[in-house]
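Number of protein chains: 2
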Amino acid sequence: MATIIELAVHDVRFPTAAQGDGSDAINKGDYSATYVELRTDAGLTGTGLTFTNGRGNEITCLAVTALRHHVVGRSVEEIFAAPVQFLRSLTADVQLRWLGPEKGVIHMAAGAIVNAVWDLRAKLAGLPMWELLATLPTEDLVAAIDFRHISDALTPDEARDLLDKGATGSAERLERLTAEGFPAYTTSVGWLGYSDDKVRELTRKAVADGWTAMKMKVGGRIEDDVRRARLIRAEIGPDALLMMDANQVWDVDEAITNMAALSAVRPAWIEEPTHADDVLGHARIARAVAPIPVATGEVAANRVMFKQLLQAGAIGVCQVDACRVAGVNEVLAVLLMAAKFGVPVCPHAGGVGLCEYVQHLSIFDYLRVSGSLDGRMVEYVDHLHEHFTDPVTVVAGRYRLPTKPGYSVTLQPESLRRYTFPDGAAWRDVR
Amino acid sequence: MATIIELAVHDVRFPTAAQGDGSDAINKGDYSATYVELRTDAGLTGTGLTFTNGRGNEITCLAVTALRHHVVGRSVEEIFAAPVQFLRSLTADVQLRWLGPEKGVIHMAAGAIVNAVWDLRAKLAGLPMWELLATLPTEDLVAAIDFRHISDALTPDEARDLLDKGATGSAERLERLTAEGFPAYTTSVGWLGYSDDKVRELTRKAVADGWTAMKMKVGGRIEDDVRRARLIRAEIGPDALLMMDANQVWDVDEAITNMAALSAVRPAWIEEPTHADDVLGHARIARAVAPIPVATGEVAANRVMFKQLLQAGAIGVCQVDACRVAGVNEVLAVLLMAAKFGVPVCPHAGGVGLCEYVQHLSIFDYLRVSGSLDGRMVEYVDHLHEHFTDPVTVVAGRYRLPTKPGYSVTLQPESLRRYTFPDGAAWRDVR
Numbered sequence: 024m025a026t027i028i029e030l031a032v033h034d035v036r037f038p039t040a041a042q043g044d045g046s047d048a049i050n051k052g053d054y055s056a057t058y059v060e061l062r063t064d065a066g067l068t069g070t071g072l073t074f075t076n077g078r079g080n081e082i083t084c085l086a087v088t089a090l091r092h093h094v095v096g097r098s099v100e101e102i103f104a105a106p107v108q109f110l111r112s113l114t115a116d117v118q119l120r121w122l123g124p125e126k127g128v129i130h131m132a133a134g135a136i137v138n139a140v141w142d143l144r145a146k147l148a149g150l151p152m153w154e155l156l157a158t159l160p161t162e163d164l165v166a167a168i169d170f171r172h173i174s175d176a177l178t179p180d181e182a183r184d185l186l187d188k189g190a191t192g193s194a195e196r197l198e199r200l201t202a203e204g205f206p207a208y209t210t211s212v213g214w215l216g217y218s219d220d221k222v223r224e225l226t227r228k229a230v231a232d233g234w235t236a237m238k239m240k241v242g243g244r245i246e247d248d249v250r251r252a253r254l255i256r257a258e259i260g261p262d263a264l265l266m267m268d269a270n271q272v273w274d275v276d277e278a279i280t281n282m283a284a285l286s287a288v289r290p291a292w293i294e295e296p297t298h299a300d301d302v303l304g305h306a307r308i309a310r311a312v313a314p315i316p317v318a319t320g321e322v323a324a325n326r327v328m329f330k331q332l333l334q335a336g337a338i339g340v341c342q343v344d345a346c347r348v349a350g351v352n353e354v355l356a357v358l359l360m361a362a363k364f365g366v367p368v369c370p371h372a373g374g375v376g377l378c379e380y381v382q383h384l385s386i387f388d389y390l391r392v393s394g395s396l397d398g399r400m401v402e403y404v405d406h407l408h409e410h411f412t413d414p415v416t417v418v419a420g421r422y423r424l425p426t427k428p429g430y431s432v433t434l435q436p437e438s439l440r441r442y443t444f445p446d447g448a449a450w451r452d453v454r
Numbered sequence: 024m025a026t027i028i029e030l031a032v033h034d035v036r037f038p039t040a041a042q043g044d045g046s047d048a049i050n051k052g053d054y055s056a057t058y059v060e061l062r063t064d065a066g067l068t069g070t071g072l073t074f075t076n077g078r079g080n081e082i083t084c085l086a087v088t089a090l091r092h093h094v095v096g097r098s099v100e101e102i103f104a105a106p107v108q109f110l111r112s113l114t115a116d117v118q119l120r121w122l123g124p125e126k127g128v129i130h131m132a133a134g135a136i137v138n139a140v141w142d143l144r145a146k147l148a149g150l151p152m153w154e155l156l157a158t159l160p161t162e163d164l165v166a167a168i169d170f171r172h173i174s175d176a177l178t179p180d181e182a183r184d185l186l187d188k189g190a191t192g193s194a195e196r197l198e199r200l201t202a203e204g205f206p207a208y209t210t211s212v213g214w215l216g217y218s219d220d221k222v223r224e225l226t227r228k229a230v231a232d233g234w235t236a237m238k239m240k241v242g243g244r245i246e247d248d249v250r251r252a253r254l255i256r257a258e259i260g261p262d263a264l265l266m267m268d269a270n271q272v273w274d275v276d277e278a279i280t281n282m283a284a285l286s287a288v289r290p291a292w293i294e295e296p297t298h299a300d301d302v303l304g305h306a307r308i309a310r311a312v313a314p315i316p317v318a319t320g321e322v323a324a325n326r327v328m329f330k331q332l333l334q335a336g337a338i339g340v341c342q343v344d345a346c347r348v349a350g351v352n353e354v355l356a357v358l359l360m361a362a363k364f365g366v367p368v369c370p371h372a373g374g375v376g377l378c379e380y381v382q383h384l385s386i387f388d389y390l391r392v393s394g395s396l397d398g399r400m401v402e403y404v405d406h407l408h409e410h411f412t413d414p415v416t417v418v419a420g421r422y423r424l425p426t427k428p429g430y431s432v433t434l435q436p437e438s439l440r441r442y443t444f445p446d447g448a449a450w451r452d453v454r
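Chains as they are written, first to last, in the working numbering: chain D, 24 to 454; chain C, 24 to 454.
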């Protein structure tokens, strides 16, 4: 038995805004994390985080505190004996639910806690998260999913079938991953805050480092977007994949018009072409820009949004985030719905710890759900990994399999001290 | 000129949970408000609030604080010279937007601030909010709307046309409202927390008080729902309207099945039959239960969600909330989209101050947008009005027109002191 005896939440912020890293059409901030530690009487500590963009990280921290009574005093064994009951204690709290429901600050806080509980479970089992998930019995995985409000798209029986069938050939796929790693693409070349020269320089470096898939930000002036796209395409050659990400700045008709201009540069996908809540808008865009697939999901709030994006044929790429939704449990629902609808999952990463998180999800997806690497890639951004005790290893455009127990988002003690806001040394220097 | 020199935010909570008031299928809490005061150098104070359900109200309060720098130091005149620019400073803040975007805690906080700014404007003009809005030039109303992400459903030109045409006959309609009041329905009879005897007693009282439209909560055991529905129908007779509200507990297919059982009691509408984010689910339910209209909106996060509900034919009744969306500006977008799609607006009320707020919106909608009372009613719950300096007046099932300047959500100073959490006298007594 491991009983959770304390929840500590830390407001961790990295001063990235000053460098222009991470700038896109509508976000420019200090990459931050609402960092949760669950201490147990067994000596182990589970960690989870949700990513934010700087100011406001104190709000998600406070939301974690508002949920702490649902987790402190409970044992990991008891939680996983009735995982949906635990999940709903966080996502359907009779008073706090009003603040979402199941979206935004309160749901992100739930995600950080849920992931910390899963991290504990993996550490107790002595397994990296992907391996814990890939080796769990089908019934345990199905029992972790809240089918409420998605049963019209995925039933427990369908989930069971997918997981049972998905297990076939798992051992061979694991061998392949161990040898080759999981395919990745890089988002470090074309942020809007960078000059053309910097974009060219970074693209050349990416190609030299073995990257054959990379993402640029669009959503500035369309002339600038096209120029930068051509510049990158000229550097990477005709065969490499060039993804484009508009970060929701366009209206629906504007997206369709602008993609007509960008299509000559042969985008591998168009990501967040319009407001993330606009399922019907994404569906219209998807029809208009086909065969270029529409990608979205990094701010899709919950499984009900993903359900609709899939039902409406609005996305050709599912970019679930590890901690905007309610953690591993809700991601499982999304992975299985995506598999049922035949849509590849390429999880959102970057930020703080998101690469560390999502590598586990994609590996599990390949080993146990989709069984395929076709169109599957994990986003990679080369920021801030040095702050984690088990950072991702990416070699020649591929994630190597993590081997340490847990979910890989435990911060180095010194980084935690240094970047805690506002009293850490990094912030005292800034002021 | 009136410059905002201070923003004060108060965590106000009323201990309603202990009485079972306000209990429904998934909410049970202490009705609360994140209460914002904007003090100006002109001596006037603008007030706005967003409603919450108890625990977590401190989170929306903190979110208001995170947004304060966008409003303190600005003049009301400057804000309304470029209202969308001001609105986006709150809803598209480059760092805080990530916490929504445009949903949940951060968007509700924006709503409280935006409404306080409008309250100031109305008080400066010496007009109740409905009259300020109804007498604003069309261009000023159009300029207050953020068309971003809704231009595929409503263009500025279409909004202009609706408002210009809507003005015709406004004087006659105002006379009618002044004489007769605005139609209302009551939600005080059938909360799930009440016994059958209490429901019967409250229904009889409502009928005696002149109510001909009332709402019951469903979403318990279906047998219980049907029994209570029959009980209420027997009391109110065949001609009165009986609305039903499931507060999102059903899955899509479950909603369709349960409404087949409840249809014999002739519901006037079915409200929140499933998860509020499920546009496609609502559309399927709407087709299945027709001609019973589907109603939703109290937790629809923003104009993009309303746009889709309307585009998909998913709702027959639009229940916008005054302060879950980003205040008056975003409500204007919703009212105009609803008018374009021919869907009546029956705003969500109850809670704390919501009746006070939405009476203004429905009166404006009738005077200037829809021009019709057909199917239009304002929700009424008889809780907590005594705490406001300009409480609603409802006589024989109709709201009387408010006459005091402003948006009617200013709390009595003594109530503010007494119910501030956790140090007010009302909470000291509870502990």
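Glycine residues also receive a C-beta, built at the ideal position from the N, C-alpha and C atoms. Please read all numbers here as calculations on a predicted model, not as lab measurements.
Asked	Found
Give the range of the alpha helix (DSSP H) segment to which C/E246 is assigned.	245-259
Can you list, in chain order, the stretches of the alpha helix (DSSP H) that have 4 or more residues and sit fully within the region 347-381 of chain C?	350-364
In whole angstroms, what separates the C-alpha of C/D232 from that of C/F74?	27 Å
Of the choices D/P314, D/V302, D/Q342, D/I315, whose alpha-carbon is the least far from that of C/Q331?	D/V302
What are the boundary residues of the alpha helix (DSSP H) that C/R207 is part of?	Checking the sequence, you will find Ala at residue 207 of chain C rather than Arg. No alpha helix (DSSP H) holds C/A207; the beta strand (DSSP E) holding it covers 205-213.
Confirm the yes/no value for this check: CB of C/G127, any heavy atom of the ligand NAP, distance under 7 Å.	Ligands in the displayed structure: none, and consequently the ligand NAP is not present.
Could you tell me the boundaries of the alpha helix (DSSP H) in which D/I279 lies?	275-285
Tell me whether D/T201 sits in a helix, a strand or coil according to DSSP, three-state version.	helix
Let me know if D/D393 comes out buried or exposed under the rule of 16 or more other beta-carbons within 10 Å of its beta-carbon.	What sits at residue 393 of chain D in the sequence shown is Ser, not Asp. When all chains shown are included, D/S393 counts as buried.
With a threshold of 8 Å between beta carbons, is C/D456 in contact with chain D?	Residue numbering for chain C in the displayed model covers 24 to 454; residue 456 of chain C lies beyond these limits and cannot be assessed.
Using a C-beta to C-beta distance shorter than 8 Å, which residues of chain C count as neighbours of D/R78?	A89, D116, Q118, L119
For D/T426, count neighbouring Cβ atoms within 10 angstroms of its own Cβ and tell me buried if that reaches 16, exposed if not.	exposed
If you follow the beta strand (DSSP E) that D/R441 is in, where does it begin and where does it stop?	It is not in any beta strand (DSSP E) - D/R441 instead sits in the alpha helix (DSSP H) that spans 436-442.
Please classify C/R347: is it buried, with 16 or more other beta-carbons within 10 angstroms of its beta-carbon, or exposed?	buried
Going by CA-CA distance only, name the one from D/L186, D/A166, D/A182 that's closest to D/A157.	D/L186
Does C/R310 come within less than 8 Å of chain D when only Cβ atoms are used?	no
Could you spell out where the beta strand (DSSP E) holding D/V32 opens and where it closes?	27-36
State the Cα-Cα distance for the pair C/G79 and D/H305, rounded to the nearest angstrom.	33 Å
Could you confirm whether any beta carbon from chain C is found closer than 8 Å to the beta carbon of D/G304?	yes
Closest to C/V99 by C-alpha separation, out of C/A139, C/Y403, C/A56, would be which residue?	C/A139
Below 8 Å on the Cβ atoms is my contact criterion, and I expect C/C369 with C/E409 to pass it. Report the Cβ-Cβ distance as a whole number of Å.	With 8 Å as the limit, C/C369 and C/E409 do not qualify as a contact, their Cβ atoms being about 25 Å apart.
Any C-beta of chain C sitting closer than 8 Å to the C-beta of D/K126?	yes
Within 10 Å of its beta-carbon, does D/H93 have 16 or more other beta-carbons around it, so buried, or fewer, so exposed?	buried
Where does the unbroken alpha helix (DSSP H) through D/L85 begin, and where does it stop?	80-90
Pick from D/G373, D/P316, D/H383: whose alpha carbon is nearest that of D/P536?	Because chain D is modelled from 24 through 454, residue 536 of chain D falls outside the range shown and cannot be assessed.
Say whether chain C places a C-beta atom closer than 8 Å to the C-beta of D/M152.	no
Show which residues of chain C have a CB atom less than 7 Å away from the CB atom of D/V94.	Near D/V94 there are no residues of chain C at all, since even the closest Cβ is about 15 Å away, more than 7 Å.
Roughly how many angstroms separate the alpha carbons of C/W450 and D/K221, rounded to a whole number?	59 Å
Please go through the same chain and pick out, in chain order, the residues whose beta-carbon is closer than 6 Å to the beta-carbon of C/L278, but skip the five residues on each side of it.	Per the sequence shown, residue 278 of chain C should be read as Ala rather than Leu. Cβ neighbours of C/A278 beyond the five flanking positions: P296, T297, I308.
Short of 7 Å in beta carbon distance, which residues of its chain neighbour D/G134, apart from the five on each side in sequence? Order them along the chain.	T73, C346, R347, V348, A349, G350
Do you know how far the Cα of C/V381 is from the Cα of C/L396?	15 Å
Short of 6 Å in beta carbon distance, which residues of its chain neighbour C/E29, apart from the five on each side in sequence? Order them along the chain.	R62
Looking at the strands, I want to know which residues DSSP matches up with D/S385.	Paired residues: none, contrary to the question.
Take the Cβ of C/R36 as the centre, count every other Cβ of all protein chains shown within 10 Å, and call the residue buried at 16 or more, exposed below.	buried
Distance, Cα to Cα, C/Q342 vs C/A361?	10 Å
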